[in-house]
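In my numbering, the protein residues as written are 793 to 932.
See below:
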């Protein structure tokens, strides 16, 4: 009997928020220690879509256009004067991620990892090239 890799399941129905969160957390766990040390206070949220206020602030009409979002101040911009500030948050938008997965055919765990790393990159103020290098470092 063929045993299926649990990290790459054959879905009978759309993966839920808990599955996407587990893949995102596994991605975070594979980050180099220098990055992981600064992510302890970052909140990871998986929601179906961004809310209307967020979409409007970004000038987006279609909620499927936004797969993830970082809210907060990049690590290099933080100061001791930030007390009382809300914790930094990484939002992953499940339905938009699933739509991109269907459209592109890329493995879903790879797509979730990509979006997660991209949003973590914003937390660190990284360039796109730096984000790609970080993504390469967490690949299986």
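Just so it is clear, CB atoms sit at the ideal spot from N, CA and C, and this is done for glycine as well.
Since this is a predicted model, take the numbers as computed values, not measurements.
Straight-line gap, residue i to residue j (C-alpha atoms, nearest Å)
i: residue 912; j: residue 888; result: 18 Å
i: residue 815; j: residue 839; result: 14 Å
i: residue 893; j: residue 806; result: 11 Å
i: residue 924; j: residue 906; result: 9 Å
i: residue 828; j: residue 812; result: 19 Å
i: residue 862; j: residue 899; result: 23 Å
i: residue 820; j: residue 826; result: 12 Å
i: residue 856; j: residue 809; result: 16 Å
i: residue 927; j: residue 849; result: 27 Å
i: residue 879; j: residue 804; result: 36 Å
i: residue 818; j: residue 851; result: 31 Å
Buried or exposed (CB count within 10 angstroms, at least 16 for buried), residue i
i: residue 886; result: buried
i: residue 909; result: buried
i: residue 917; result: exposed
i: residue 842; result: buried
i: residue 853; result: exposed
i: residue 901; result: buried
Span of the alpha helix (DSSP H) around residue i
i: residue 904; result: 900-916
i: residue 887; result: 886-896
i: residue 926; result: 920-930
i: residue 808; result: Unbroken run through residue 808: none, as it is neither H nor E.
Range covered by the beta strand (DSSP E) that runs through residue i
i: residue 852; result: Premise fails: residue 852 is in no beta strand (DSSP E) and is neither H nor E.
i: residue 835; result: 835-839
i: residue 858; result: Note, residue 858: premise wrong, no beta strand (DSSP E); not H, not E.
Check whether residue i and residue j have beta carbons under 9 Å apart
i: residue 837; j: residue 865; result: no
i: residue 835; j: residue 915; result: no
i: residue 896; j: residue 903; result: yes
i: residue 823; j: residue 919; result: no
i: residue 884; j: residue 846; result: no
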